[in-house]
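Heads up: the structure comes next, in structure tokens.
Residue numbers (the working numbering), protein chains in the order written: chain C, 1 to 486; chain R, 487 to 972.
See below:
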């Protein structure tokens with residue numbers, strides 16, 4: 001090919017061009033065609049390069065550029081275009097590009113390309129997850145996913161937290177619960193056996209049975225009790241056979257863990273953290289949020305008014321602008337049992353002290369009763385994990401769940417039990433094998449400190465921020481029962 | 487306990503205190519004891535809270551604070567201390583703390599605590615990886631690991647790259663090579679079988695055989711050819727039975743992938759990226775780097791002069807301040823064969839066109855011949871992966887390896903083959919099952935573009951930046967053959 005301007009000049013991103021400051025200049029853009037329309041004399045090409053939800057309108061003179069070339073330009077074709085930026089005549093955009101040269105890097109046969117310029121169902125796009133990045137909805141979702149990941153790192157870095165990579169393959173089960181994936185290199189059909197007929201795991205790669213991690217918390221505590229404040233941000237796994245819009249077998253978690261923090265400090269951090277993420281989204285992703293807000297309103301327009309979600313940007317501001325209510329579990333039970341909702345038998349699940357709250361209860365507290373985000377604390381010890389700090393009442397632990405509108409629990413955490421004897425007693429009661437976790441107990445043996453932490457499911461956060469309804473639509477390549485495509 | 491000042495006041499981090507701006511003020515610090523020494527009348531406690539390599543010297547008057555209390559203060563005990571900051575009399579520190587109150591959060595029995603205030607071998611500390619965060623060396627390493635991770639996210643974010651989480655569990659093998667870990671929920675001893683006696687993977691969790699990813703590149707290409715520029719930063723796995731100082735079974739990789747980039751752009755990005763990371767370390771981690779530099783010099787003092795490493799900070803500046811040499815593989819072979827080193831048979835491995843260069847060759851080019859970092863390009867196609875762009879000569883591909891002093895290859899990458907027919911032909915030649923990768927080929931079918939990318943092994947970078955010699959010492963909980971502790 002010739003070294004034309006389009007090849008030799010550095011491309012500008014459409015996000016930059018649409019700021020409208022370059023009118024009159026010659027530029028090169030490169031991207032993929034969203035749509036093409038036009039008449040015999042002039043074609044209008046909507047070009048997108050992934051840098052923004054907005055397309056750049058390219059005006060292509062048929063006579064000047066040639067009919068032959070233009071007829072090969074279809075949805076998803078890849079183009080390099082040189083032209084002059086001019087003020088736009090049409091509405092909705094400030095600037096358009098008068099093309100002087102168009103290079104087709106790659107054609108896209110409209111009879112074969114699966115994603116046409118029409119509305120596809122989210123299910124269809126999920127099956128074509130390798131191409132859905134090219135749609136407006138999913139490019140917005142994945143830009144926001146990026147922005148939230150960056151905001152998380154930025155937040156913790158600015159506060160002096162150390163990012164700790166806890167192990168993915170592990171020989172221990174952090175919570176003594178949860179179905180796990182086995183990681184192995186043993187022969188699948190004829191594994192080596194010991195004399196008693198059991199599997200000889202000493203021959204497996206790691207010399208013992210290993211699984212994919214369900215949480216980095218316990219290892220995180222090892223870091224926090226030396227480095228002060230740490231956080232994890234990595235993949236975690238659950239081999240639960242749950243085919244719902246809220247479950248993934250592989251998902252990403254953020255787990256901060258802090259020495260010298262008590263429950264109050266933990267709550268303060270969680271509230272400040274979530275608000276800073278929401279603020280980052282509002283400050284940096286408004287174009288994408290507005291697009292997703294319209295998408296959500298469109299999706300919900302056939303629902304009855306009282307079943308529709310809060311408008312997306314309004315919902316984000318709701319979290320940002322309200323102090324989170326902080327409420328003991330025991331008081332929450334009283335509020336729920338005294339509610340008209342309860343008296344009229346409108347809750348599906350029972351409300352009894354000692355049972356876990358269901359999503360309907362959490363949402364009632366947030367959306368109906370307080371009309372604010374809520375942090376519930378001091379849960380009954382028997383519905384929480386062994387490592388949570390035992391309160392003086394002998395019945396509750398210093399747990400905290402942060403509840404959000406629409407979604408219910410978005411963060412779960414606790415102060416940790418720092419007393420060795422109390423911890424070991426509780427492990428024994430709950431059947432957690434303390435003898436396999438001497439390394440964990442060493443934090444309580446040598447220089448133990450009050451400490452606390454919490455976990456945020458990254459995809460749970462993204463459902464909230466993007467307004468998407470299915471968790472498979474906020475992770476690039478979802479892993480679910482019977483599905484590990486791409 | 488009483489609500490003393492130490493409990494009620496917010497703690498200050500030692501990193502802040504050592505700036506020396508708070509002399510005369512009353513402060514609260516919390517951390518772990520590194521050492522305690524002193525006389526009958528006064529004790530000196532070196533306290534560290536993980537925020538910095540430096541300890542705060544705490545002066546404790548025995549009469550005022552009580553002998554009973556002070557005798558329980560041993561290495562690794564956790565303390566909360568209130569006191570007044572005063573200008574230090576001693577050398578090496580600007581400020582010290584006159585303690586008025588000391589609370590022991592957790593004692594540490596000196597007869598049982600494994601890590602004493604003396605020099606331990608790195609092997610011993612590896613076996614106690616849960617406690618090695620409390621040593622100066624490892625706190626420095628993990629603070630630098632954090633800083634480098636943040637610098638990576640910050641770099642790509644500032645350039646408009648999208649952070650993409652490619653899948654950890656995968657049904658495909660990216661490079662058609664490498665030993666992989668199987669991920670399964672099937673019964674390990676009695677897996678379900680089909681009539682022909684083979685395993686019925688339809689009953690496995692994902693309905694087919696699945697493995698831990700060896701690279702996110704192929705999925706990264708799907709993102710880049712829609713979003714423009716993406717990067718991954720996640721764990722990758724190799725089930726290689728290699729017990730060396732350079733191999734991990736679980737490690738973290740960074741893989742940027744960029745649409746509309748050719749090899750030249752790829753090299754420009756890699757050089758700028760690495761330099762920005764090194765600059766970030768020099769700008770933000772100098773205290774830790776100086777400590778690790780001394781550690782390295784100490785470790786190497788018994789080596790002959792010509793086997794010692796370049797001084798750590800000097801080595802980082804060497805990379806920062808030199809333009810990287812860009813050299814075709816074919817010319818590198820000529821340089822090596824014309825060298826006196828070669829003529830005197832000092833290379834252990836042969837130097838023949840068509841074979842891969844060994845570390846000794848790479849280091850010769852960087853350290854002896856050019857005395858600059860080197861990017862080798864255009865490797866013989868038969869020693870590189872199927873997806874690399876085929877050069878016009880029919881013999882080489884547009885690969886690039888970035889070579890660093892001491893370490894050899896730190897980055898490997900290439901422009902990708904964007905032509906569908908050429909790619910499929912090469913896959914057939916190399917036995918890569920194209921029919922299982924239709925999703926990958928769709929990027930070449932619909933709007934294909936020139937694109938390129940590279941991979942940086944995060945721990946490889948950290949070996950370079952920290953000067954540590956064993957890769958198990960730059961990841962918190964190393965996974966290696968027969969080892970998945972913690």
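Idealized CB from N, CA, C, for every residue including glycine.
Check: Check whether residue 115/C and residue 233/C have beta carbons under 8 Å apart; Outcome: no
Check: Cβ pair residue 736/R, residue 167/C closer than 8 Å; Outcome: yes
Check: Pair within 8 Å by beta-carbon distance, residue 888/R and residue 897/R; Outcome: yes
Check: Interface flag, residue 643/R vs chain C, CB-CB below 8 Å; Outcome: yes
Check: Limits of the alpha helix (DSSP H) - the one that residue 444/C falls within; Outcome: 438-445
Check: Segment contact, 8 Å Cβ cut-off, at least three pairs: the stretch 946-964 of chain R with the stretch 117-130 of chain C; Outcome: no
Check: Terminal residues of the beta strand (DSSP E) in which residue 211/C lies; Outcome: 210-212
Check: Validate contact between the stretch 574-587 of chain R and the stretch 178-195 of chain C using beta carbons, cut 8 Å, 3 pairs; Outcome: no
Check: Neighbourhood of residue 142/C by C-beta, 8 Å cutoff - its chain only, sequence neighbours within 5 removed; Outcome: 133, 476
Check: Close Cβ partners of residue 200/C (< 8 Å) along its chain, the five nearest in sequence each way excluded; Outcome: 191, 192, 193, 194
Check: Members of the stretch 213-224 of chain C that neighbour chain R once the beta carbon cut-off is set at 9 Å; Outcome: 218, 219, 222, 223, 224
Check: Contact list for residue 234/C against chain R, beta-carbon separation under 8 Å; Outcome: 720, 721
Check: Counted within 10 angstroms of its Cβ, other Cβ atoms place residue 835/R as buried (16 or more) or exposed; Outcome: exposed
Check: The alpha helix (DSSP H) enclosing residue 105/C, as first and last residue numbers; Outcome: Element bounds for residue 105/C: not the alpha helix (DSSP H) but the beta strand (DSSP E), 95-106.
Check: Proximal residues of chain C, C-beta to C-beta of residue 677/R below 7 Å; Outcome: 188, 189
Check: Reference residue 80/C, options 66/C, 67/C, 105/C, 60/C, closest by Cα; Outcome: 105/C
Check: CB contact check: residue 488/C to chain R, cutoff 8 Å; Outcome: Residue numbering for chain C in the displayed model covers 1 to 486; residue 488/C lies beyond these limits and cannot be assessed.
Check: Contacts that residue 49/C makes with chain R (C-beta to C-beta distance below 7 Å); Outcome: 714
Check: Anticipated Cβ contact below 8 Å, residue 73/C with residue 288/C, distance rounded; Outcome: About 26 Å separates the two Cβ atoms, so there is no contact after all.
Check: Paired residues, beta bridge with residue 836/R - DSSP; Outcome: Answer by DSSP bridge pairing: none, since residue 836/R is not bridged.
Check: Contacts of residue 979/R in chain C (Cβ-Cβ under 8 Å); Outcome: Only positions 487 to 972 of chain R appear in the structure, and residue 979/R is not among them; the question remains open.
Check: Where residue 1/C falls: helix, strand or coil (DSSP); Outcome: With a pLDDT of only 39 at residue 1/C, under 50, the local geometry of the prediction cannot be trusted, and the value read off the model is given with reservation. Three-state result, residue 1/C: coil.
Check: Boundaries (first-last residue) of the beta strand (DSSP E) holding residue 704/R; Outcome: Looking at the DSSP string, residue 704/R is not in any beta strand (DSSP E); the run it does join, the alpha helix (DSSP H), is 703-713.
Check: Beta-carbon neighbours of residue 652/R, restricted to chain C and to distances below 8 Å; Outcome: 476, 477
Check: 6 Å Cβ shell around residue 259/C - same chain, five flanking residues per side excluded; Outcome: 224, 225, 228, 449, 451
Check: Identity of the residues DSSP links to residue 516/R by a beta bridge; Outcome: 566/R
Check: Counted within 10 angstroms of its Cβ, other Cβ atoms place residue 332/C as buried (16 or more) or exposed; Outcome: buried
Check: Cβ-based neighbour list, residue 219/C, same chain, cut-off 7 Å, excluding 5 preceding and 5 following; Outcome: 166, 167
Check: Cross-chain neighbours of residue 969/R in chain C, by beta carbon under 9 Å; Outcome: 206, 207
Check: Collapsed DSSP secondary structure at residue 483/C in the structure displayed; Outcome: strand
Check: Beta carbon proximity, residue 248/C to chain R, threshold 8 Å; Outcome: no
Check: Identity of the residues DSSP links to residue 36/C by a beta bridge; Outcome: 45/C
Check: Residue 108/C: contacting residues in chain R (beta-carbon distance under 7 Å); Outcome: 932, 933
Check: Within chain R, partners of residue 170/C - CB distance below 7 Å; Outcome: 970
Check: Supposed contact pair residue 806/R and residue 765/R - C-beta distance, whole angstroms, cut 8 Å; Outcome: 6 Å
Check: Residue 490/C, buried or exposed, once every other Cβ within 10 Å from all chains shown has been counted against 16; Outcome: No answer is possible for residue 490/C: it lies beyond the span of chain C, which begins at 1 and ends at 486.
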